[in-house]
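Listed in order, the protein sequences are those of chains A and B. First residue of the first sequence: 1, per the working numbering; consecutive thereafter. First residue of the second sequence: 131, per the working numbering; consecutive thereafter.
2 protein chains.
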Amino acid sequence: MTKEPPATGDQRRSQLLRGVLDLCLLSLIAERPRYGFEFAEALAAGGLELVSDGSIYPLLARMERAGLISSYRAPSPSGGAPRKYYRLTEAGDAELGRGRADWQAFTGPVGRILTAATTTPTPSTGENTA
Amino acid sequence: MTKEPPATGDQRRSQLLRGVLDLCLLSLIAERPRYGFEFAEALAAGGLELVSDGSIYPLLARMERAGLISSYRAPSPSGGAPRKYYRLTEAGDAELGRGRADWQAFTGPVGRILTAATTTPTPSTGENTA
DNA sequence: GTCCATTGCCTTGTGGCGCAAGGTAGTGCG
DNA sequence: CGCACTACCTTGCGCCACAAGGCAATGGAC
Numbered sequence: 001m002t003k004e005p006p007a008t009g010d011q012r013r014s015q016l017l018r019g020v021l022d023l024c025l026l027s028l029i030a031e032r033p034r035y036g037f038e039f040a041e042a043l044a045a046g047g048l049e050l051v052s053d054g055s056i057y058p059l060l061a062r063m064e065r066a067g068l069i070s071s072y073r074a075p076s077p078s079g080g081a082p083r084k085y086y087r088l089t090e091a092g093d094a095e096l097g098r099g100r101a102d103w104q105a106f107t108g109p110v111g112r113i114l115t116a117a118t119t120t121p122t123p124s125t126g127e128n129t130a
Numbered sequence: 131m132t133k134e135p136p137a138t139g140d141q142r143r144s145q146l147l148r149g150v151l152d153l154c155l156l157s158l159i160a161e162r163p164r165y166g167f168e169f170a171e172a173l174a175a176g177g178l179e180l181v182s183d184g185s186i187y188p189l190l191a192r193m194e195r196a197g198l199i200s201s202y203r204a205p206s207p208s209g210g211a212p213r214k215y216y217r218l219t220e221a222g223d224a225e226l227g228r229g230r231a232d233w234q235a236f237t238g239p240v241g242r243i244l245t246a247a248t249t250t251p252t253p254s255t256g257e258n259t260a
């Protein structure tokens, strides 16, 4: 009771996000130019309802610094501060391609490992292991 | 640019590992009791050829402390230091189930986002960055 | 009996990054 | 003129994979 851990599931989600969040943003930008607030919405719409803007803006800044995306400002149609849109550079497009491959190359083995033991109980042959 | 990053792909792999490596170990243990060195081999055999033992041992220690696994020692048949085998506890089994669900709930949306934009080649309007 | 190579386990220091919370700035309306 | 809303960005925090390095036990070589 002194401390309430937030939620084990949430935390795992956070860790899973790592290494793939940048790819998601890249992929989202590949569809069309987007601005900061949009990403959180798009991710939530896609089923990732967590990502806070505190994760997104620094990441966008990093990617821009890395030359993967470029930005330009445009006034907000709904009245408010001007938006900063991002679009993909060629390097970003290449990185996106590489990243997709990495993702596939990663989820395959992991999925296999995670589902491997599910159906193990087939003791008819007897013996296990060994 | 003062510094040369080792390899972009490798680094992404590292980040992806987070949040799923513990699940992999759990799943591996679920099949049969295992000892430290075995994990790296098993992961490599499954297609994840990176994971160093420097990542595995601390993680095992954490999971044992969390009550997800328990350990016992047994002499090494191949001559050498005794091995420390780990087996799943009930809590670990439950966590594994939860983790598998989390993994599925995560890869689905991400995969969808990553493959969404495939068919949107740049409008030839082109222009540059400027 | 002594030495060493092998097997296996564990610790320390480093860096990256998601996150919560908070702060700034531009815009239009009452 | 001030309030509320939109949107952007920063700070402090904690987590964790990794590289590199060290310790312990065993069995065989000589």
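All C-beta atoms in this analysis are idealised placements derived from N, C-alpha and C, irrespective of residue type, glycine included.
- Beta-carbon to beta-carbon, L21(A) and G92(A) are separated by about 14 Å, too far to satisfy the 8 Å threshold.
- Look at the region 36-66 of chain A and you find these whole runs of alpha helix (DSSP H), each 4 residues long or longer: 36-46 and 53-65.
- S70(A) is bridged by DSSP to R87(A).
- In the three-state reduction of the DSSP assignment, R162(B) falls in the coil class.
- Contact annotation: A30(A) and L114(A) have beta-carbon atoms that are not nearer than 8 Å.
- Flagged as an interface residue toward chain A: G176(B), by a C-beta distance shorter than 8 Å.
- By the CB criterion at 8 Å, Y202(B) and R164(B) fall outside the cutoff.
- Contact of R34(A) with chain B by beta-carbon distance below 8 Å is absent, the smallest such distance being about 11 Å.
- Cβ-Cβ distances below 7 Å link R13(A) to L50 in the same chain, with the five nearest sequence neighbours on each side left out; the list follows chain order.
- Flagged as an interface residue toward chain B: F106(A), by a C-beta distance shorter than 8 Å.
- V150(B) carries a coil assignment under DSSP once its states are collapsed to helix, strand and coil.
- Contact check for D183(B) against G166(B) passes: the beta carbons are separated by less than 8 Å.
- In this structure, the alpha-carbon of G108(A) lies about 29 Å from that of K214(B).
- Listed along chain B, the residues sitting closer than 7 Å to S27(A) by beta-carbon distance are I243, L244, A246 and A247.
- The beta carbon of L68(A) sits no closer than 8 Å to any beta carbon of chain B.
- Chain-order list of chain B residues neighbouring L60(A): empty, with the shortest C-beta distance near 16 Å, by a criterion of under 7 Å.
- Buried is the label assigned to E95(A), since at least 16 other Cβ atoms lie within 10 Å of its Cβ.
- Neighbours of V20(A) in chain B, taken as residues at a C-beta separation under 7 Å, are given in chain order as L146 and V240.
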